[in-house]
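Input: a single structure, listed below in structure tokens.
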Amino acid sequence: MEEKYCFSIKDMNLFYGDFHALKNINMQIKKGEVTSFIGPSGCGKSTFIKSLNRMNDLIDNCKIKGKILFFGENIYKKYDVNLLRKRVGMVFQKPNPFPFSIYENLAFGAKTHGIKKKDALDFIIEESLKDVGLWKELKDRLKESALSLSGGQQQRLCIARTLAINPEVILMDEPTSALDPISTLKIEELITKLKKDYTIIIVTHNMQQAHRISEKCAFFLLGEMIELDSTQKIFSNPKNKKTKDYIEGRFG
241 MEEKYCFSIK
251 DMNLFYGDFH
261 ALKNINMQIK
271 KGEVTSFIGP
281 SGCGKSTFIK
291 SLNRMNDLID
301 NCKIKGKILF
311 FGENIYKKYD
321 VNLLRKRVGM
331 VFQKPNPFPF
341 SIYENLAFGA
351 KTHGIKKKDA
361 LDFIIEESLK
371 DVGLWKELKD
381 RLKESALSLS
391 GGQQQRLCIA
401 RTLAINPEVI
411 LMDEPTSALD
421 PISTLKIEEL
431 ITKLKKDYTI
441 IIVTHNMQQA
451 HRISEKCAFF
461 LLGEMIELDS
471 TQKIFSNPKN
481 KKTKDYIEGR
491 FG
């Protein structure tokens, strides 16, 4: 039987040295949906999303207890990290294109995973740029530096770079916070398009954005996951008073 949930998190606790950053997280993230994480700054949203493809491995003194199951397998027990990061891609808060050509940015991941033939790379790059709506803009500029693009184009390029390795899940850590309103709208439209083929998990400070693009929404506070429900219920009739206070702007 096909697994309904891509992630199942059980009794997860995360520590930075003696600091208890995430506390007793239990949740399931359904395959094929957009799930948003909301909450005030410093509440643990970004820390949590980075644990889903083990980006926190790069931080000294980070220790995780409990289980994070990806399609039933514990990613912290003998799981190939390179395979995990191929299956679970990451888009960061600020666009981070590599300091070389648009073509080489998009080819990087595919080459890393063994694709070397130019015809195959050309196909992957064209399809990835089409997926993010950049092919017409960039098809004649592939040899130019990726750093020459606007901020919104750079972020869509970074999403295309993630798509180029054919992930199953895309993690997005505040992907529009550094962008102007027009670029933000384009990214939101892109997320709505991509959710037909990918599971998307997004951290956002913008509650209107969470309301617009996600099916499920989780509210975090002081390292705890306070409530997870359909986005409609979270914003119209939350079960927890802390969630209600945050939604109505009484703190955070």
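Under my numbering, the sequence shown has 353 at position 113, and the numbering climbs by one with no breaks. Note that the Cβ used here is the ideal one computed from N, Cα and C, for glycine as well. Please read these numbers as outputs of a predicted model, since none were measured by experiment.
What span of residues does the beta strand (DSSP E) with residue i cover, start to end?
| i | result |
| --- | --- |
| Glu414 | Neither: Glu414 is in no beta strand (DSSP E) and is coded neither H nor E. |
| Glu464 | Glu464 to Ser470 |
Assign residue i to one of three DSSP states: helix, strand, or coil.
| i | result |
| --- | --- |
| Ser248 | strand |
| Ile493 | Residue 493 is absent from the structure shown; the chain starts at 241 and stops at 492. |
| Ile453 | helix |
| Met241 | Low confidence applies here, because Met241 scores a pLDDT of 43, under 50, leaving its location unreliable; read the following figure in that light. If DSSP states are grouped into helix, strand and coil, Met241 belongs with coil. |
| Ile355 | coil |
| Ser390 | coil |
| Pro478 | coil |
| Lys473 | helix |
Below 8 Å on the Cβ atoms is my guess for residue i versus residue j; work out the distance and round it to an integer in Å.
| i | j | result |
| --- | --- | --- |
| Thr275 | Ala458 | 7 Å |
| Phe460 | Gly279 | 4 Å |
| Arg452 | Glu428 | 6 Å |
| Ala418 | Gly391 | 6 Å |
| Leu254 | Ser291 | 6 Å |
| Pro407 | Val328 | 6 Å |
| Tyr251 | Gly306 | The amino acid occupying residue 251 in the given sequence is Asp; Tyr does not appear at that position. Contact flag correct, Cβ pair sits at about 4 Å. |
| Lys456 | Glu273 | 6 Å |
| Met267 | Leu468 | 5 Å |
| Arg401 | Gly349 | 6 Å |
| Phe363 | Phe310 | At roughly 28 Å, the Cβ-Cβ gap does not stay under 8 Å, so Phe363 and Phe310 are not in contact. |
Please list the terminal residues of the continuous alpha helix (DSSP H) segment that includes residue i.
| i | result |
| --- | --- |
| Leu369 | Lys358 to Asp371 |
| Leu323 | Val321 to Arg327 |
| Pro493 | The first residue shown for the chain is 241 and the last is 492, placing residue 493 beyond what the model contains. |
| Glu208 | No information on residue 208 is available, as it lies outside the stretch 241 to 492 that the chain covers here. |
| Lys376 | Trp375 to Leu378 |
| Leu419 | Neither: Leu419 is in no alpha helix (DSSP H) and is coded neither H nor E. |
Who are residue i's beta bridge partners in DSSP?
| i | result |
| --- | --- |
| Tyr256 | Phe259 and Cys302 |
| Ala458 | Phe277 and Leu468 |
| Met447 | Answer is none; Met447 lacks a bridge partner. |
| Ser341 | Ser385 |
| Ile265 | Met252 |
| Thr483 | Thr483 pairs with nothing; no bridge assigned. |
| Pro439 | The sequence given here has Thr at residue 439, not Pro. In the DSSP output, where bridge partners are listed per residue, Thr439 has Val409. |
Kindly say whether residue i, judged by its beta-carbon, lies nearer than 9 Å to any beta-carbon of chain B.
| i | result |
| --- | --- |
| Leu374 | Absent here is chain B; the protein component of the structure consists of one chain. |
Problem - alpha helix (DSSP H) runs wholly inside the region 270-318, at least 4 long, in chain order - result: 285-291
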